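Trainee: Protein chains in written order, with the working numbering: chain A, 33 to 507; chain B, 6 to 208. Backbone N, C-alpha and C define an ideal beta-carbon position, used for all residues, glycine too. In this text the structure is predicted, and so the values were computed from the model without any measurement. Let me give you the structure first, and then I'll get to my questions.
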Ligand code: SF4
């Protein structure tokens, strides 16, 4: 190597969907005024929470799986260079082609060039956080290539010309009547007698996309896991649009964040149990596809894997923040977060909303932001996280390292009711502040009763000197 | 293998960043205290499998080995059927897949296959494109999938399932028919994948 590059650049601004254009409090205020959105979100998060709790309760070894998942991720990050090289070798040996991208701009250029080389001007896409993060659809559009989102929710978002609001159910901010209107307006083949019954709407999407699947030449996907040992890429989904994209086109381009690598095939046994139960609250999601390079006579005969950094190495370089890279994008932490439930996904200004977004987004971008304050530090996200990411401690850490952002003053009165039961919320925060007094070296080992029942099960990060509400009120 | 990319490439830059970020970081040992062996077998295992399949809206038929042919004929009687070219499982009148186009497959009512393995705890069937399963397209495009599972293919846990599979092969894990909850969280079974999954358990 002729040059040593020790700089750890963040994800660049001006490309992709990490840098919000409005500060969290301002965007959250709008969301709070939207009763429909809050009702939908409240219903969605409550439903998924209940389903998750039921299927997690079925497994007596759930905590053992979480600990294995946590350690596997830490092991992976510590050996990330070796594992990526192993993945590259295995994919290449099986007929795939591996590309590396320093950032979003470079990744987009690689994909645009690959699609151009096939001569097609339309690609089908499987829902993918990574491609949303880098703004791939916009880059393709600039190059005259239409990207068709095939996940039902992503299709609703795309046809409605807006942005996803939840990792798992991106169109949760839309109700059935709105979806019907969007379909009638944007799908030339939609039947005008279409009702707003969910089954009818889903079948309209099926009919609309079927012709595209059967004739698509190029598909673009993300990856839930990339197994270093075998070069096996894994996509987890529900609707079958993933299988369509991964099976029928001639060329498949998979965009994968470098942190998605998993050491061995056997290790997948941990994540294939943790992810579906945490995410959709199912024992197993309807479809999971795995493939290793190219299989003659079966599926795409050209396979490209694009490995993307885009600020991930900057996260890796922070000892107190790097475990944000362990996230398997299940969205469980969103569904248990009282702030997310009220503010909604759009307020976070990033493809990564909720508690994980509040820690991951600022670390990826390196930009000053109010996101680390978008939390009451209640700890529910840690308890829900299948890989035990200590988001509350990380939020405290980020608050201490991030300069307080200069944002326009928001009157506290307008958002005082933000947290629903404001009095209870305030009481909780006062208890937390009390907690500072009994914290030792930044961790609370034990709270006085009745909260001791909680700290018996887990360490609570010491709360910051200033609570979310104090901070909000003071601005 | 490809020639090594030139120095100063994105690959070298990303790897250098990772190494710098990781200096002094030790990898932890991975505890594997979770279940990796079965705690249920025999009749209760199959009952668990059927229970999970039904819970996820698959249709289940159980039959003795000697009754498999007649059971399949009965299930498939109204439909045009495609089968993999060298499958041991077929019904009279079935079309063998000799490289049918996507459009041709779209005209066919149902596909009849075996499977590579199945997991009772999650109600999951795994396909590995083996001789009785065929290439992935044939189990995807037709609207109905009739899948034969032998009792000895059913394991209890996810770790046992993965241990039975070869990741070098293209694999599809199926747990019930395709589904979406994207519209107001209202579950709709059957979107793009086969809208009907019929499992024939041979025990
Ligand atoms: S941080 Fe944990 S709970 Fe949140 S999305 Fe990621 S893996 Fe799931």
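For the alpha helix (DSSP H) that contains residue 74 (chain A), what are its first and last residues?
Mentor: Unbroken alpha helix (DSSP H) run through residue 74 (chain A): 67-89.
Trainee: In terms of residue numbering, what span does the alpha helix (DSSP H) encompassing residue 323 (chain A) cover?
Mentor: Taken as a continuous stretch (DSSP letters only), residue 323 (chain A) belongs to no alpha helix (DSSP H), being part of the beta strand (DSSP E) at 319-324.
Trainee: Which value, in whole angstroms, describes the spacing of the CA atoms of residue 115 (chain A) and residue 189 (chain A)?
Mentor: So the alpha carbons of these two residues sit roughly 35 angstroms apart.
Trainee: Would you check whether ligand 1 has a heavy atom nearer than 6 angstroms to the C-beta of residue 369 (chain A)?
Mentor: No; taking the cut-off as 6 angstroms, the Cβ of residue 369 (chain A) has no heavy atom of ligand 1 nearer than that.
Trainee: Is residue 410 (chain A) near ligand 1, in the sense that its beta carbon is under 6 angstroms from a heavy atom of that ligand?
Mentor: Result no, Cβ not under 6 angstroms from ligand 1.
Trainee: Name, going along the chain, the residues of the segment 260-288 of chain A whose beta-carbon falls closer than 7 angstroms to a beta-carbon of chain B.
Mentor: Listed by position along the chain: 262, 264, 270, 271, 272, 273, 275, 276, 279 and 280.
Trainee: With contact counted as at least three CB pairs below 8 angstroms, one residue from each stretch, are the segment 372-385 of chain A and the segment 207-224 of chain A in contact?
Mentor: Judged by Cβ distances under 8 angstroms, the segment 372-385 of chain A makes no contact with the segment 207-224 of chain A, as fewer than three pairs qualify.
Trainee: Would you kindly work out how many angstroms separate the C-alpha atoms of residue 78 (chain A) and residue 92 (chain A), rounded to a whole number?
Mentor: Those two C-alpha atoms are separated by around 23 angstroms.
Trainee: Checking contacts by CB at 7 angstroms: is residue 217 (chain A) closer than that to chain B?
Mentor: By this cut-off, residue 217 (chain A) is not an interface position.
Trainee: Bridge partners of residue 157 (chain A), per DSSP?
Mentor: In the DSSP output, where bridge partners are listed per residue, residue 157 (chain A) has A:181 and A:252.
Trainee: Along the chain, where does the beta strand (DSSP E) containing residue 289 (chain A) start, and where does it finish?
Mentor: It spans 283-289 - the beta strand (DSSP E) in which residue 289 (chain A) sits, taken as one unbroken run.
Trainee: Using a Cβ-Cβ distance cut-off of 7 angstroms, determine whether residue 127 (chain B) contacts chain A.
Mentor: Closer than 7 angstroms: yes.
Trainee: Given residue 252 (chain A), which residues of its chain have a CB within under 6 angstroms of its CB, disregarding the five upstream and five downstream residues?
Mentor: The residues are 155, 157 and 285.
Trainee: Specify the secondary structure class of residue 393 (chain A) as computed by DSSP and reduced to three states.
Mentor: Here residue 393 (chain A) sits in helix by DSSP.
Trainee: Return yes when the C-beta of residue 425 (chain A) is under 6 angstroms from any heavy atom of ligand 1, and no when it is not.
Mentor: No, the Cβ of residue 425 (chain A) stays beyond 6 angstroms of every heavy atom of ligand 1.
Trainee: Expressed to the nearest angstrom, what Euclidean distance is found between the alpha-carbon atoms of residue 63 (chain A) and residue 303 (chain A)?
Mentor: Cα to Cα, residue 63 (chain A) sits roughly 33 angstroms from residue 303 (chain A).
Trainee: Examine chain A for any beta-carbon lying closer than 7 angstroms to the beta-carbon of residue 201 (chain B), and answer yes or no.
Mentor: No, because no Cβ of chain A sits closer than 7 angstroms to the Cβ of residue 201 (chain B).
Trainee: Taking 7 angstroms as the CB-CB cut-off, is residue 189 (chain B) touching chain A?
Mentor: With 7 angstroms as the cut-off, residue 189 (chain B) counts as an interface residue toward chain A.
Trainee: Given a limit of 9 angstroms on CB to CB distance, which residues of the segment 244-257 of chain A reach chain B?
Mentor: For the segment 244-257 of chain A, which is checked against every Cβ of chain B, the residues closer than 9 angstroms are 245, 246 and 247.
Trainee: Could you pull the start and end residues of the alpha helix (DSSP H) that residue 94 (chain A) belongs to?
Mentor: Here the alpha helix (DSSP H) through residue 94 (chain A) covers 94-110.
Trainee: Using a threshold of 6 angstroms, is the CB atom of residue 364 (chain A) nearer than that to any non-hydrogen atom of ligand 1?
Mentor: Because some heavy atom of ligand 1 lies under 6 angstroms away, the Cβ of residue 364 (chain A) counts as near it: yes.
Trainee: Helix, strand or coil for residue 334 (chain A), going by three-state DSSP, please let me know.
Mentor: DSSP places residue 334 (chain A) in strand when its eight states are reduced to three.
Trainee: Name the chain B residues that come within less than 9 angstroms of residue 96 (chain A), Cβ to Cβ?
Mentor: Within chain B, the residues near residue 96 (chain A) are 36, 37, 38, 39 and 40.
Trainee: Under 8 angstroms Cβ to Cβ from residue 439 (chain A), same chain only, skipping five residues before and after it: list those, please.
Mentor: Only weak support is given to the placement of residue 439 (chain A): the predicted model assigns it a pLDDT of 41, under 50, and the question is left unresolved by the model.
Trainee: Tell me whether residue 150 (chain B) sits in a helix, a strand or coil according to DSSP, three-state version.
Mentor: Three-state result, residue 150 (chain B): strand.
Trainee: Taking all protein chains shown into account, do 16 or more other C-beta atoms lie within 10 angstroms of the C-beta of residue 329 (chain A), making it buried, or fewer, making it exposed?
Mentor: Exposed, since its Cβ has fewer than 16 Cβ neighbours within 10 Å.
Trainee: Among residues of its own chain, excluding the 5 on either side of residue 366 (chain A), which ones have a beta-carbon nearer than 6 angstroms to its beta-carbon?
Mentor: Contacts found: 372 and 386.
Trainee: Would you identify the three-state DSSP class for residue 344 (chain A), choosing helix, strand or coil?
Mentor: Residue 344 (chain A): helix per DSSP, three-state reduction.
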